[in-house]
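Reading through the structure tokens given below for one structure.
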Amino acid sequence: NFPVRLGSFGLDTEDNLNTSSNSYGLQASVKLSRGLALGGWVGYTNQRILSNLVTPTGSVQRGDQKIWNWAVTLAFPDLLKEGNVAGILVGMEPRVTSSTNRTLPEDKDTSLHIEAFYQFKLSDNISITPGVIWLTAPDHNNDNSDLVIGVLRTTFTF
């Protein structure tokens, strides 16, 4: 078992917290034209905390939680050069929408994940993808300042 970090409540548990969950997802993508694809996904998790746990940072009691996530994506294949792709994503990271656990109630606010990237194909085997991610109300908490994260990914394909 790995330590559990309970979503937006940030309760770190170094001890084992027994949980059971059923997760479901649906994703789709459709090529609308030669240079445009639309996609997205939705995910749902029904989580049950099976035991009580007391830690130095707080306590967790038994209970059920419903957790949702979703995203809508746009891709622009072969933009500016064949083999390159630009993309935009808008979505919601996993959010507790319902909870019977009074120590871990539902998230009151909603955080959005907004992302843009451009993948440069350097060769048949190497690509570099710079991007930017903007998180509004991190941890689904409007009191938190927005975050902007720069990313640079290198992909080697064999």
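For the sequence shown, counting from 1, position 36 maps to 32 in my numbering; every step adds exactly one. Glycine included, every Cβ here is placed at the ideal spot set by N, Cα and C.
### Query
So, is Val50 buried or exposed, given that buried needs 16 or more other C-beta atoms within 10 angstroms?
Counting from 1 along the sequence shown, the entry for residue 50 is found at position 54. Val50 should be labelled exposed.
### Message
What does DSSP give as the partner residue(s) for Ala24 in the beta ladder?
### Response
Taking the sequence shown and counting its residues from 1, one reaches residue 24 at position 28. Looking at the DSSP assignment, Ala24 forms a beta bridge with Gly36.
### Message
Is it buried or exposed, Ala24, if we count other Cβ atoms within 10 angstroms and call 16 or more buried?
### Response
Counting from 1 along the sequence shown, the entry for residue 24 is found at position 28. The residue in question, Ala24, is exposed, as its Cβ has fewer than 16 Cβ neighbours within 10 Å.
### Query
Are there 16 or more other CB atoms within 10 angstroms of the CB of Gly79, so buried, or fewer, so exposed?
Within the sequence shown, residue 79 is the residue found at index 83, counting from 1. Counting Cβ neighbours within 10 Å, Gly79 comes out exposed, since fewer than 16 surround it.
### Task
Give a yes or no on whether the C-beta atoms belonging to Glu135 and Ser94 are separated by under 8 Å.
To locate residue 135, count along the sequence shown from 1; it is residue 139. To locate residue 94, count along the sequence shown from 1; it is residue 98. At residue 135 the sequence reads Asp, which differs from the Glu that was named. In this structure, Asp135 lies away from Ser94, with their beta-carbon atoms at least 8 Å apart.
### Query
Looking at the unbroken beta strand (DSSP E) that takes in Asn65, where does it start and where does it end?
As a working mapping, residue 65 is identified with position 69 in the sequence shown. Counting along the chain, the unbroken beta strand (DSSP E) around Asn65 starts and ends at Gly59 to Pro73.
### Task
Have a look at Gly36, Val68 and Ser16 and flag the residue whose alpha-carbon is nearest the alpha-carbon of Gln43.
Indexing the sequence shown from 1 puts residue 43 at position 47. With distances taken between Cα atoms, Gln43 lies closest to Ser16.
### Task
Give me the Cβ distance between Thr151 and Asp142, rounded to the nearest whole Å; I'm assuming they're in contact under 8 Å.
Your numbering for residue 151 matches position 155 in the sequence shown. Your numbering for residue 142 matches position 146 in the sequence shown. Not quite, the Cβ-Cβ distance comes to about 28 Å (not below 8 Å), so this is no contact.
### Task
Can you tell me which of the three DSSP states Pro90 falls into?
To locate residue 90, count along the sequence shown from 1; it is residue 94. In this structure, Pro90 counts as strand in the three-state DSSP scheme.
### Query
When burial is assigned at 16 or more other CB atoms within 10 Å of the CB, is Val128 buried or exposed?
Position 132 of the sequence shown holds residue 128. Exposed is the call here.
### Query
Taking Cβ positions, are Gly35 and Thr69 nearer each other than 8 Å?
For the purposes of this step, residue 35 is identified with residue 39 of the sequence shown, where counting begins at 1. For the purposes of this step, residue 69 is identified with residue 73 of the sequence shown, where counting begins at 1. With respect to Thr69, Gly35 sits close: the two C-beta atoms are nearer than 8 Å.
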